[in-house]
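Numbering (the numbering used here), first residue to last: 248 to 752.
What follows is a set of notes on a single structure, which appears directly below.
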Ligand SMILES: Nc1ncnc2c1ncn2[C@@H]1O[C@H](COP(=O)(O)OP(=O)(O)O)[C@@H](O)[C@H]1O
Ligand SMILES: [Mg+2]
């Protein structure tokens with residue numbers, strides 16, 4: 248009789264059920280895997296054989312057929328090693344008393360029979376629960392994430408032998424794993440108290456943090472653009488429980504959960520401007536892995552020196568900026584990853600950095616039109632999506648060397664949290680988390696513009712050639728400015744300030 252072990256695979260961040268059927272029949276020795284296996288799955292034969300022998304069992308000297316179903320879905324990765332090995336042992340009567348009903352099994356095997364971690368365990372555990380499984384046997388290293396899928400018992404196995412013992416009910420139930428948050432790495436977190444001057448930049452960072460808006464900081468070198476950008480993270484609230492699972496699923500698939508624990512802090516990614524398109528957007532030779540835009544989901548993506556970022560990367564960013572997800576095209580299929588991040592970009596006005604800077608200490612040394620070409624690298628459609636655009640100017644020396652104090656991040660953070668709380672109450676649970684997520688349909692009701700404010704808007708569109716998209720984005724920013732003031736509707740001054748940040752007032 249063939250034996251069936253329920254397992255699971257992931258495509259993107261979605262898990263799907265895979266049944267591993269094993270038949271061991273008398274005949275000439277052979278070992279075959281069918282059901283669209285990829286290279287990693289085909290190679291599992293060698294690992295499974297060695298692991299079975301090294302765990303002290305016999306690899307059956309008969310005809311072994313492993314069928315992975317459904318047959319029309321390509322099977323990727325190494326998570327089927329453990330269920331295949333257990334299926335072979337069971338089908339060859341070497342593990343009497345093993346109970347496979349209502350159990351999902353995943354895990355890679357080493358040649359010596361250790362169970363190695365697999366990406367995507369969190370999504371698989373959530374699927375197991377949704378499918379009504381009672382328990383899921385997972386690699387030890389994936390225990391914490393699996394256990395966070397409440398409603399299904401997650402059991403860790405560190406070796407093939409331990410997995411057998413678990414399925415025989417010989418291992419006493421263990422207390423849930425330790426999931427206490429990791430201590431904050433004590434890296435000196437940049438603080439707004441050290442940023443002198445830059446009134447507009449500071450204000451923009453506060454609004455961006457409060458509403459989740461995209462921000463473009465331009466200006467000459469050394470005026471504090473990077474400093475400001477790095478301060479944003481410290482102003483944001485931690486992820487709520489739903490977001491923790493959402494973000495952790497992505498990190499799980501990327502194999503980047505911090506020491507196997509859930510992600511609690513809002514992601515902050517700052518890839519170098521030389522990063523490749525695949526690193527930013529996602530991709531990979533065999534299995535599609537999320538890129539920086541997805542690792543920044545529900546958090547911040549900082550792209551410093553934005554015009555220096557590869558052109559293909561800049562253009563490909565338009566999609567996630569608009570839709571909140573990204574499609575990674577591969578040879579066999581396309582995979583969609585969430586990518587609702589907040590973009591903070593910085594740029595110089597020209598290659599040398601000093602074009603058009605008032606009271607510049609150095610004159611611009613670039614060729615004529617170089618500045619135009621340089622800033623043109625941030626194309627119209629891309630610039631349209633930058634909700635807040637600020638030009639930072641050099642700070643007077645007396646302000647830098649003076650003993651004055653600036654408002655610390657903690658004070659700004661308190662206002663940001665209050666504004667975020669207003670949004671949370673207004674939007675309730677659901678896809679809209681902050682004003683930046685507001686769909687057009689909801690803008691009218693949520694903003695409640697009066698006639699005067701409408702005429703300001705119309706004037707801005709007509710006189711500054713503001714596109715409808717830019718206008719809607721300005722409205723969302725205005726909503727955030729109103730929230731920072733604890734105001735119920737968007738008044739003229741809120742919209743006016745939002746328009747200033749688009750250079751349209
Ligand atoms: N506004 C400012 N307030 C205090 N220090 C500043 C300011 N601007 C620049 N600095 C100093 O100069 C350094 C470089 O600033 P940075 O943010 O990297 O400039 P930019 O990104 O605009 O080129 C900072 O690390 C800090 O020491
Ligand atoms: Mg910089």
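The beta-carbon is built from N, C-alpha and C at its ideal position, and this holds for glycine as well.
Quick caveat: nothing in here was measured; it's all calculated off a predicted structure.
| Item | Value |
| --- | --- |
| Exposed or buried, residue 364, counting other C-beta atoms within 10 Å across all chains shown (16 or more means buried)? | buried |
| Taking only three categories from DSSP, how would you classify residue 609? | coil |
| Please enumerate, following chain order, all residues with a beta carbon closer than 6 Å to at least one heavy atom belonging to ligand 2. | 472, 473, 551 and 593 |
| Return the residue from the list 732, 497 and 649 that minimises the CA-CA distance to residue 369. | 497 |
| Are the beta-carbon atoms of residue 280 and residue 335 separated by less than 9 Å? | no |
| Give the DSSP-derived three-state secondary structure of residue 735 in the structure shown. | coil |
| Tell me, please, which residues DSSP counts as bridged to residue 278. | 311 |
| Taking three-plus beta-carbon pairs below 8 Å as touching, is the segment 271 to 278 in contact with the segment 308 to 315? | yes |
| Under 8 Å: does the beta carbon of residue 443 sit that close to some heavy atom of ligand 1? | yes |
| Which term fits residue 701, buried or exposed, when burial requires 16 or more other beta carbons within 10 angstroms of its beta carbon? | exposed |
| Under 8 Å from any heavy atom of ligand 1, does the C-beta of residue 611 make it? | no |
| Taking 9 Å as the cut-off, decide whether the C-beta atoms of residue 415 and residue 402 are in contact. | no |
| Under the three-state reduction of DSSP, which class applies to residue 265: helix, strand or coil? | strand |
| Within a Cβ cutoff of 7 Å, which residues of the same chain sit near residue 259, ignoring the five residues on either side of it in sequence? | 535, 582, 583 and 584 |
| Measuring alpha carbon to alpha carbon, tell me which of 750, 652 and 252 ends up nearest residue 411. | 252 |
| Please determine, among 466, 284 and 342, the residue with the shortest C-alpha to C-alpha distance to residue 579. | 284 |
| Answer with buried or exposed for residue 686, where buried requires no fewer than 16 other C-beta atoms within 10 angstroms of its C-beta. | exposed |
| May I ask you to check if the CB of residue 463 is nearer than 8 Å to at least one heavy atom of ligand 1? | no |
| Could you check the C-alpha separation between residue 717 and residue 507 for me, to the nearest Å? | 41 Å |
| Between residue 430 and residue 474, how many whole angstroms is the CB-CB distance? I'm expecting something under 8 Å. | In fact, because the Cβ distance is near 25 Å, the residues do not count as touching under 8 Å. |
| Using DSSP with H/G/I as helix, E/B as strand and the rest coil, what is residue 433? | Residue placement at residue 433 is poorly supported in this model, since its pLDDT is 49, which falls under 50; the coordinates still yield a value, given next. Three-state result, residue 433: coil. |
| Check whether the Cβ of residue 639 sits closer than 8 Å to any heavy atom of ligand 1, and report yes or no. | yes |
| Helix, strand or coil: how does DSSP classify residue 505 here? | helix |
| Closer than 8 Å to a non-hydrogen atom of ligand 1 - does that hold for the CB of residue 596? | no |
| Looking at C-beta atoms only, is the number of pairs between the segment 707 to 722 and the segment 621 to 640 that lie closer than 8 Å three or more? | yes |
| Just to confirm the assignment, what range does the beta strand (DSSP E) spanning residue 401 have? | 400 to 404 |
| Would you say residue 639 and residue 466 are within 9 Å of each other, going by their C-beta atoms? | yes |
| Between residue 467 and ligand 1, is there a pair consisting of the residue's CB and a ligand heavy atom that are separated by less than 8 Å? | yes |
| Along the chain, where does the alpha helix (DSSP H) containing residue 695 start, and where does it finish? | From DSSP, residue 695 is part of no alpha helix (DSSP H); its letter is neither H nor E. |
| Buried or exposed, going by whether 16 or more other CB atoms sit within 10 Å of the CB of residue 289? | exposed |
| Mind checking whether the beta-carbon of residue 762 lies closer than 8 Å to any heavy atom of ligand 1? | This structure leaves residue 762 out entirely; the chain is present only between 248 and 752. |
| Would you list, in sequence order, the uninterrupted alpha helix (DSSP H) runs of no fewer than 4 residues that lie entirely inside the segment 584 to 644? | 617 to 623 and 627 to 631 |
| I'd like the list of long-range same chain contacts for residue 652, defined as Cβ closer than 8 Å, with 5 residues on each side in sequence excluded. | 440 |
| Would you verify that the beta carbon of residue 594 is, or is not, closer than 9 Å to some beta carbon of chain D? | Chain labels in this structure do not include chain D; a single protein chain is all it has. |
| Could you pull out every residue in the same chain whose Cβ sits closer than 6 Å to the Cβ of residue 254, ignoring the five residues on either side in sequence? | 265, 267, 327, 330, 352 and 353 |
| With residue 572 as the anchor, note down where its beta strand (DSSP E) starts and where it stops. | 572 to 576 |
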